[in-house]
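Report on the following structure.
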């Protein structure tokens, strides 16, 4: 998505391949390479979705360049999004919202969604002026 309140910025929704075997891991790395290209853009985007990796995974960290997690500084950076069938203390956060550096996050929540094996991420942010 582009335009409106985004201005020249883009919003990308992503669902990276789950790295369950050698072939899917290669596809997952290709998916992360696309996210990396987006985050390297002259005008950093918002990227949201299921990236099938936690923030401590080096392959995911390497993609973020001009972007950071909207959870940074909120105290919610480890809030579990998957699987929703487990208590939050036992899950992992593989669903993310990446925002441009300089963005202020005023709200970050992980919410249960009926019928999904993932929890939703809700982030309210103030983007830096271009």
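Residue numbers (the numbering used here): 18 to 147. Yeah, the Cβ is synthetic: ideal placement off N, Cα and C, and Gly gets one too.
Identify the continuous beta strand (DSSP E) that holds residue 30 and give its terminal residues. 28–32
Please classify residue 42: does DSSP put it in a helix, a strand, or coil? helix
Quick one: any contact between the region 55–73 and the region 31–38, if contact means 3 or more CB pairs under 8 Å? yes
Applying the 10 Å Cβ sphere with the 16-neighbour rule, what's the burial state of residue 103? exposed
If you count every other CB in all the chains shown that lies within 10 Å of the CB of residue 79, and 16 or more means buried, which is it? exposed
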